[in-house]
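Chains as they are written, first to last, in the numbering used here: chain A, 2 to 365; chain B, 2 to 322.
Cβ coordinates follow ideal geometry from the N, Cα and C atoms, glycine included.
Rendered as structure tokens:
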């Protein structure tokens, strides 16, 4: 018997967790001598009060959509891919190579090729940890953490060495050619007569992100492979008995996951910076963990959670601008969300289950 | 390369290995009891901040040390609450703790000191100074052994000696006491421990709290001995390197010492030589940075002996009803 209705599991628990995280964050703001209500107002105004704010919110949300989907897909196979950060860095390398070393007549072709390049490089970075998990039983959490650091050192080396243009001052690649620059939401919405901020970095990758959410939904719930991934995640012995190869599913799931994380690069590298800079990911790979947990590993949930975190990111930046609250407040909120929706899930769940059981007994 | 250069590199190896060693032994206690801990980094960071902050305010490094241990124990308690009491995912809890520490330390530092997320630089009384072992100066003139004693063995802060003393102590606790036997058992087969009438929950909580204590020492060492004050993200991945060393050591105390000395040596080399010329190839500094992680992946892949973690690691224990 289900202990509580599905809607409570899907909607109520994430909302209560979010509320707990929000209350604690409010207390933190209070403790450092600021006004939480005022802070919330500032965040809402800064992130959602103008098309400029929305442009940043959606830009960040696009990053988190990709990394959130990456973690979510792996969660379905009960794999914890903590290496989204490294995979997204390598995705950036893929995008940079495609944009710099191939001539592109039009951004649309460049976008397709870059997406493929980003996904391939991201997937490649997830391949070794996946094989080691499947064949040698090395814990994927540890190997992907190690691969994050290796990726950071590797990119660091590339950007101060081989990929830096002659005479370049900061560690980054050359600017991508004009033809690969993606249209921003301003460019896309102008023909429709909607005016959108020109300065904001949100671009067409946002639509690619939404498309990715839809495709992941199709993959997980409407294809044979998705079924096998979920079956493997629910019970490995049962999946094995049904003729599903654990090695195959582990590797394929991690390739998809790494590919999704890598695809984030079309947004931050190709869409925004238009060159590959040091530490381009800015921790988005880790935020994917919070987004996937908050979104209950469902693509639509991931979409909503990504928008929420986009809002937090842009709002946090505004707070740092106008108040004495540093940007690091967002990291605290992120930690609290991970804590309540992930690690302390049972703390929220157990009392709720008890309440629903009691209600049912009275009804019966 | 003369003796003094070698000794300087080895001396800096010892200093850089110390926080790794303390964190590695911390992880050893926790993981041997079946609680994975990827939150070593966060606990060290929180400890580093509170040791520096309290030492800066009070001027007493010992009060700073106390604060660092309390902060680290609090985060350990949170990890225990999530992974033992509420049987949550230990890895996710560790990730959360790392972020919590990364964010809160800067937030509080900014609110208390307004110096861009750092603490004021510590004066001598707020730091653990070097300790001259007896006779270090007198024996300096003795060839070879004199400089080794004076440079390498003498002249570290007290926490270095504590860290090295923790290795035999950990070995003794794990392999020669009843508590250690039970601790190892609870990491391999908690059902058996429970059947024997011993509380799994209490054992695991004690392991997690010992882990917190050692992380507190590691963090305090970073901020009050290795450096003079706290700066944002000052642990710089040391918690993860300690985790790597733990796997490298296959969860054994003496091997933890060797592994952390090796990784400390790599850091010392990377610090001293930006690009290492090996004659036939020049190793960039980034390769040195990545080497501990690459070595760990190789170990995990099982090419140099198999690293088998404690069998019940990562699984919450559900008592039969």
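Chain A residues whose Cβ lies nearer than 8 Å to that of residue i
i: residue 244 of chain B; result: 143 and 146
i: residue 118 of chain B; result: 327 and 329
i: residue 297 of chain B; result: 143 and 147
i: residue 100 of chain B; result: 287, 332, 333, 335, 336 and 339
i: residue 250 of chain B; result: Those within 8 Å of residue 250 of chain B in chain A number zero; the least Cβ separation is about 14 Å.
i: residue 97 of chain B; result: 336, 337, 339, 340, 343 and 344
Within chain A, the residues that residue i reaches when beta carbons sit closer than 9 Å
i: residue 111 of chain B; result: 33, 325, 326, 327 and 329
i: residue 94 of chain B; result: 339, 340, 343, 344 and 345
i: residue 294 of chain B; result: 146, 147, 148, 149, 150, 151 and 154
i: residue 206 of chain B; result: Within 9 Å Cβ-Cβ: nothing; residue 206 of chain B doesn't reach chain A, min ~16 Å.
Three-way DSSP call (helix, strand, coil) for residue i in this model
i: residue 132 of chain B; result: strand
i: residue 263 of chain B; result: helix
i: residue 204 of chain A; result: strand
i: residue 196 of chain A; result: coil
i: residue 58 of chain B; result: helix
i: residue 309 of chain B; result: coil
i: residue 185 of chain A; result: strand
i: residue 123 of chain B; result: coil
i: residue 96 of chain A; result: helix
i: residue 286 of chain B; result: helix
i: residue 10 of chain A; result: helix
i: residue 139 of chain A; result: coil
i: residue 346 of chain A; result: helix
i: residue 236 of chain A; result: coil
i: residue 2 of chain A; result: Here the model assigns residue 2 of chain A a pLDDT of 48, short of 50, so the residue's position is not dependable, and the following value carries that caveat. Residue 2 of chain A: coil per DSSP, three-state reduction.
i: residue 337 of chain A; result: helix
i: residue 173 of chain A; result: strand
i: residue 279 of chain B; result: coil
i: residue 325 of chain A; result: coil
i: residue 167 of chain A; result: coil
i: residue 99 of chain B; result: helix
i: residue 302 of chain B; result: coil
i: residue 67 of chain B; result: helix
i: residue 5 of chain B; result: helix
i: residue 362 of chain A; result: helix
i: residue 34 of chain A; result: coil
i: residue 80 of chain A; result: coil
Chain B residues whose Cβ lies nearer than 8 Å to that of residue i
i: residue 155 of chain A; result: 287 and 291
i: residue 158 of chain A; result: 285, 287 and 288
i: residue 29 of chain A; result: 105 and 108
Partners in chain A for residue i, counting only beta-carbon separations shorter than 7 Å
i: residue 107 of chain B; result: 327 and 329
i: residue 261 of chain B; result: Result: empty, since nearest Cβ-Cβ is about 16 Å, beyond 7 Å.
Partner residues on chain B for residue i, Cβ-Cβ distance less than 7 Å
i: residue 137 of chain A; result: 302 and 303
i: residue 366 of chain A; result: Limits of chain A in this structure are 2 at one end and 365 at the other, which puts residue 366 of chain A out of reach.
i: residue 81 of chain A; result: 92
Amino acids of chain B, ordered along the chain, whose beta-carbon sits closer than 9 Å to that of residue i
i: residue 133 of chain A; result: 298, 301, 302 and 303
i: residue 303 of chain A; result: Those within 9 Å of residue 303 of chain A in chain B number zero; the least Cβ separation is about 16 Å.
Point to revise | Residues, ordered as in the chain, of the region 269–292 of chain B that lie near chain A by beta-carbon distance below 8 Å | key: 285, 287, 288, 290 and 291
Review point. How about the region 256–276 of chain B and the region 4–24 of chain B: do they share at least three Cβ pairs that are nearer than 8 Å?
Key: yes
Practice item. Give the residues from the region 75–92 of chain B that approach chain A closer than 9 Å (Cβ to any Cβ), ordered along the chain. Key: Per Cβ criterion, the list reads 79, 80, 82, 83, 84, 86, 87, 88, 89, 90, 91 and 92.
Point to revise | Members of the region 177–205 of chain A near chain B, C-beta cut-off 9 Å | key: none
**Study point:** Sequence ranges, alpha helix (DSSP H) only - wholly within the region 153–241 of chain B, length at least 4
**Key:** List check, alpha helix (DSSP H) in window: 159–177, 179–189, 191–196 and 201–222.
Check your understanding: Just by C-beta distance, which residues in the region 273–291 of chain A are closer than 8 Å to chain B?
Key -> 287 and 290
Exercise for review: Would you mind listing the alpha helix (DSSP H) stretches within the region 7–60 of chain B that are 4+ residues and don't spill past its ends, in chain order?
Suggested key: 41–59
Review point. Counting pairs of beta carbons, one from the region 305–315 of chain A and one from the region 60–80 of chain A, are three or more of them closer than 8 Å?
Key: Touching, per the Cβ criterion.
**Study point:** Interface positions of the region 39–72 of chain B facing chain A (Cβ-Cβ less than 8 Å), listed along the chain
**Key:** Taking 8 Å as the Cβ-Cβ cut-off against chain A, the residues of the region 39–72 of chain B that qualify are 39.
Check your understanding: Do the region 100–115 of chain A and the region 237–257 of chain A make contact, defined as three or more Cβ pairs closer than 8 Å?
Key -> no
Practice item. Would you check if there are 3 or more beta carbon pairs closer than 8 Å linking the region 260–272 of chain A to the region 71–87 of chain A? Key: yes
Review point. Three or more beta-carbon pairs under 8 Å between the region 309–322 of chain A and the region 36–48 of chain A, yes or no?
Key: A contact between stretches requires three or more CB pairs, one per stretch, nearer than 8 Å, and the region 309–322 of chain A meets this requirement with the region 36–48 of chain A.
Exercise for review: Kindly provide the ranges of any beta strand (DSSP E) runs that are 3 or more residues long and lie completely inside the region 271–297 of chain A, ordered along the chain.
Suggested key: Taken in chain order, the complete beta strand (DSSP E) segments of 3 or more residues contained in the region 271–297 of chain A number zero; there are none.
Point to revise | Contact set between the region 228–240 of chain B and chain A, restricted to residues whose Cβ is under 7 Å from the partner | key: 238
Check your understanding: Touch check for the region 49–67 of chain B and the region 287–304 of chain B: three-plus C-beta pairs under 8 Å?
Key -> no
Check your understanding: Is it a yes or a no for the region 103–120 of chain B touching the region 34–50 of chain B, going by three-plus beta-carbon pairs under 8 Å?
Key -> yes
Practice item. Give a yes or no on contact between the region 121–137 of chain B and the region 222–236 of chain B, applying the rule of three or more CB pairs nearer than 8 Å. Key: Output reads yes: the region 222–236 of chain B touches the region 121–137 of chain B.
Review point. Quick check: the region 174–192 of chain A against the region 93–108 of chain A, are there 3 or more CB pairs under 8 Å?
Key: yes
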